[in-house]
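Numbering (the numbering used here), first residue to last: 489 to 674. We put the CB at the ideal spot given by N, CA and C, even for glycine. Below: the structure, in structure tokens.
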């Protein structure tokens, strides 16, 4: 899994993706009509796709290549990050007059966790678990690897949004970029 933003290129599973050329299939990855052809394409290109972690992955679940059962964030210690040259690129402007300028790439606020699927017919099958947070006080939507953290942020945004919407015109809303995950991973 790799992605690129205006700030950097990220490889979320660099050992699996770039070194071992392996992938961990999720239970629902075979549901789509094109899934068998897509998986076959990767296998023909030399990839090994596992639908259950290998014994060595289960022995070391908190280590690469798959980092099972551990909360992950884009940009965490398991991610390979290649910063991009920002020469000539203007800094991100504030999202509104009342907002603070963005000091980090908001993509860093996306998290997930690979968790065992207990109800699945095959033991040691994993799924990618995230808890989505959407709010009118956030400019963007976020995914968190921890339900308790996501619920705390949802509770905060409900209170903050109530007062922002009552007293401030929409064009002046103070847009928040989730600061919680940036503080966690930095």
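Assigned with DSSP and collapsed to three states, residue 661 falls in coil, not helix or strand.
Of the residues 516, 498, 504 and 508, the one whose Cα lies closest to the Cα of residue 605 is 516. The alpha-carbon of residue 510 is positioned some 30 Å away from that of residue 629. Residue 489 has its alpha-carbon roughly 7 Å from the corresponding atom of residue 505. For residue 561 against residue 596, the beta-carbon gap comes to about 7 Å, under 8 Å, which counts as contact.
In this structure, residue 603 lies near residue 557, with their beta-carbon atoms less than 8 Å apart. Annotated three-state conformation of residue 648 is helix, per DSSP. Counting of Cβ neighbours within 10 angstroms places residue 531 among the exposed residues, the total staying below 16.
Excluding sequence positions up to five before and after residue 535, its CB lies within less than 8 Å of the CB of 509, 510 and 511, all in the same chain and listed in chain order. Taking a cut-off of 8 Å on C-beta distances, the stretch 567 to 583 does not touch the stretch 544 to 558, as fewer than three cross pairs fall below it.
Of the residues 549, 524 and 548, the one whose Cα lies closest to the Cα of residue 537 is 524. Distances from the alpha-carbon of residue 613 to those of 493, 507, 494 and 513 put 513 closest.
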